[in-house]
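J.: One structure is given below, represented as structure tokens, and several questions about it will come after.
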Amino acid sequence: MRVAIAGAGLAGLSCAKYLVDAGHIPVVFESRDVLGGKVAAWKDEDGDWYETGLHIFFGAYPNMLQLFRELGIEKRLQWKSHSMIFNQLEEPGKYSRFDFPDLPAPLNGVAAILSNNDMLSWSEKIAFGLGLVPAMMRGQSYVEECDQYSWTEWLRIHNIPERVNKEVFIAMSKALNFIDPDEISATVLLTALNRFLQEKDGSRMAFLDGAPPERLCQPMVDHIQALGGEVHLNSPLREINLKEDGSVASFLIGGEREGEPRNVQADAYVSALPVDPLKLLLPAPWKQMDVFRKLEGLRGVPVINIHLWFDRKLTDIDHLLFSRSPLLSVYADMSITCKEYEDLDRSMLELVFAPAKDWIGCSDEDIIAATLAELKKLFPMHFTGEKQAKLRKYKVIKTPLSVYKTTPGCQKLRPSQETPIVNFFLAGDFTMQRYLASMEGAVLSGKLCASAVDGSAEKLSTAQAISKALPS
Ligand SMILES: Cc1cc2nc3c(=O)[nH]c(=O)nc-3n(C[C@H](O)[C@H](O)[C@H](O)COP(=O)(O)OP(=O)(O)OC[C@H]3O[C@@H](n4cnc5c(N)ncnc54)[C@H](O)[C@@H]3O)c2cc1C
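If you read the sequence shown in this note's numbering, its first letter stands for residue 426, the second for the next number, and so on.
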């Protein structure tokens with residue numbers, strides 16, 4: 426079957442990869458001139474990379490890790506020590522670590538939590554541990570039920586002191602969805618904690634050894650093309666044209682600076698767009714259908730990714746750091762953590778600025794000034810006295826609508842990969858799969874979508890595709 430796919434983020438490329446493996450011919454159309462969507466990156470005039478986001482791969486990403494193995498690129502993941510490292514706000518320049526020993530899960534996680542005495546008291550650890558028992562015992566069904574609560578509400582229900590939020594979970598919730606614990610659904614944190622506590626290497630982190638478009642997306646494209654598929658950049662989906670029965674007749678692709686738009690016909694059609702642009706492209710007759718109507722409740726969250734090139738080393742830590750700053754989320758010294766960005770003498774800090782809703786409209790200069798003010802609190806030794814660290818250059822990348830905002834109640838709004846339209850399918854991290862809005866979620870959604878398309882082959886081969894659920 427020929428399958429037209431709009432969007433060359435990880436979901437669209439994963440869908441194309443698994444379709445081509447199943448013997449189909451995927452044709453991918455990406456609106457921008459770069460692969461990867463939210464993992465896209467570019468080179469500046471000096472040849473230095475800057476990225477849409479600082480990206481971490483976890484041991485609990487089975488589909489992503491399998492994809493790396495299938496592409497023969499697993500050595501490109503640079504695994505770090507099995508730890509979680511937090512800045513100590515009360516002792517600037519110092520860190521607090523959760524080190525996971527080489528024990529089976531959940532013992533390694535329990536040992537990591539019990540052996541950290543900087544952040545939580547014993548009574549807080551016990552209260553939190555007891556709160557997690559239902560999630561550990563009942564698994565995913567309990568985790569899904571908790572989508573009615575924010576994380577802060579969930580802590581209150583379990584009598585877990587507010588200080589636990591302040592010490593640990595503001596940082597984790599900003600890392601997972603760029604919002605605070607008052608807003609994030611408890612399902613998000615519980616899903617992550619469950620994976621981290623139930624899989625020995627679940628919370629182990631890796632950095633890619635270079636920029637994602639070259640080091641991860643390009644091998645996917647090479648694989649797709651080698652087996653007869655196609656990937657086209659600068660080819661936006663403009664319109665979804667319908668047949669009389671409401672199923673897809675063609676994708677209108679291109680136009681404006683890409684030349685005359687053209688109608689592309691295929692046996693099946695996939696949207697691997699983020700939810701916000703998808704909503705704008707939905708044909709009018711589909712908008713009242715339950716599955717598409719629910720999409721109105723999903724909306725991308727703003728986030729800002731910052732790159733700071735300094736004239737000297739600020740850290741020697743080869744790992745992700747949780748800043749615990751009110752303005753910043755996680756950060757890393759990419760000159761240490763990522764092979765291609767290596768600089769032995771000078772730091773390049775990549776930082777996620779979140780929550781960003783009050784900052785997304787501000788100038789780059791204001792955002793950098795606020796970031797540096799926060800860094801001065803984290804590393805006063807580098808920014809006071811005579812030999813202060815100098816900022817050589819910076820780059821600010823704003824994403825006003827990034828991954829969907831995972832507030833309570835969103836789980837029931839997420840669509841499956843199969844839709845009521847017989848020849849139209851969905852991929853993307855917002856579609857229903859158990860890994861939330863993440864790279865793993867995007868790759869898994871693409872795989873599930875490819876399997877749904879493949880499973881519909883017989884139905885689709887009948888000449889007249891009949892829409893299953895159009896209002897009569
Ligand atoms: C700052 C930041 C940090 C992150 N950190 C992590 C992390 O550490 N770990 C993790 O697992 N995840 C992280 N994520 C999330 C992760 O990047 C996303 O979940 C994942 O990349 C989404 O993939 P996707 O394919 O679903 O969507 P996207 O990557 O958004 O891909 C959609 C594609 O569709 C294209 N498109 C849009 N409109 C059209 C159109 N009309 N026609 C054709 N193409 C179109 C877009 O250009 C894009 O290429 C982070 C995200 C951000 C923004």
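For glycine and all other residues, C-beta sits at the position ideal for the given N, C-alpha and C.
Answer yes or no: do A862 and L435 have a C-beta to C-beta separation smaller than 7 Å?
T.: Their beta carbons are not under 7 Å apart, which means A862 does not touch L435 by this criterion.
J.: Consult DSSP for L803 and reduce its assignment to one of helix, strand or coil.
T.: Residue state, collapsed to three classes: helix.
J.: For M561, report the span of its alpha helix (DSSP H) as first-last.
T.: Where M561 is concerned, the enclosing alpha helix (DSSP H) stretches over 547-563.
J.: Work out the CA separation of G472 and N619 for me, nearest whole Å.
T.: Going by the C-alpha atoms only, they are around 41 Å apart.
J.: Of the choices E765, G671, R724, A757, whose alpha-carbon is the least far from that of A709?
T.: The candidate whose alpha carbon is nearest that of A709 is G671.
J.: According to DSSP, is T577 helix, strand or coil?
T.: T577 falls in the helix class under three-state DSSP.
J.: Please classify D854: is it buried, with 16 or more other beta-carbons within 10 angstroms of its beta-carbon, or exposed?
T.: By the neighbour-count rule (16 or more Cβ atoms within 10 Å), D854 is buried.
J.: Quick one: is K893 buried, meaning 16 or more other Cβ sit within 10 Å of its Cβ, or exposed?
T.: Interpretation of K893 is limited by its pLDDT of 46, a score under 50 that renders its predicted location unreliable; no figure is taken from the coordinates.
J.: So, for P805: in the same chain, excluding its five sequence neighbours on each side, which residues have a beta-carbon less than 8 Å away from its beta-carbon?
T.: Around P805: P517, G518.
J.: Would you call the segment 453-470 in contact with the segment 659-671, where contact means no fewer than 3 C-beta pairs closer than 8 Å?
T.: Yes: the two stretches touch, three or more of their Cβ pairs being nearer than 8 Å.
J.: If we require 4 or more residues per run, which alpha helix (DSSP H) segments fall completely within the segment 614-690?
T.: Segments of the alpha helix (DSSP H) lying fully in the segment 614-690: 643-651.
J.: In whole angstroms, what is the alpha-carbon distance linking S508 and S748?
T.: Rounded to whole angstroms, S508 to S748 spans 15 Å at the Cα level.
J.: Taking just the CA atoms, how far does P526 sit from A537?
T.: Taking the straight line from one Cα to the other gives about 7 Å.
J.: Within a Cβ cutoff of 6 Å, which residues of the same chain sit near P586, ignoring the five residues on either side of it in sequence?
T.: Hits under 6 Å: E549.
J.: Could you please give the first and the last residue of the uninterrupted alpha helix (DSSP H) stretch that includes T762?
T.: First-last of the alpha helix (DSSP H) with T762: 759-762.
J.: With a threshold of 16 other CB atoms inside 10 Å of the CB of L580, please say whether the residue is buried or exposed.
T.: By the 10 Å Cβ count, L580 comes out buried.
J.: Go through the segment 813-867 residue by residue and report every complete run of the beta strand (DSSP E) that reaches 3 residues or more, in order.
T.: Runs of the beta strand (DSSP E) inside the segment 813-867: 816-824, 849-851.
J.: What would DSSP say about L900, mapped onto helix, strand or coil?
T.: Limits of the chain in this structure are 426 at one end and 897 at the other, which puts residue 900 out of reach.
J.: Tell me whether the beta-carbon of I450 lies closer than 7 Å to the beta-carbon of G684.
T.: No; because the gap between Cβ atoms is not below 7 Å, this pair is not in contact.
J.: Do V755 and L745 have their C-beta atoms closer together than 7 Å?
T.: Their beta carbons are under 7 Å apart, which means V755 touches L745 by this criterion.
J.: In terms of DSSP beta bridges, what is N512 paired with?
T.: Per DSSP, Y520.
J.: How would you call S788, buried or exposed, if buried means at least 16 neighbouring beta carbons within 10 angstroms?
T.: Under this definition S788 is an exposed residue.
J.: Any C-beta of chain B sitting closer than 7 Å to the C-beta of Y819?
T.: The structure shown contains no chain B, having only a single protein chain.
J.: Skipping 5 residues on each side, what residues in its chain have a beta carbon closer than 6 Å to that of I731?
T.: Answer for I731: L776, F778, T796, V821, listed in chain order.
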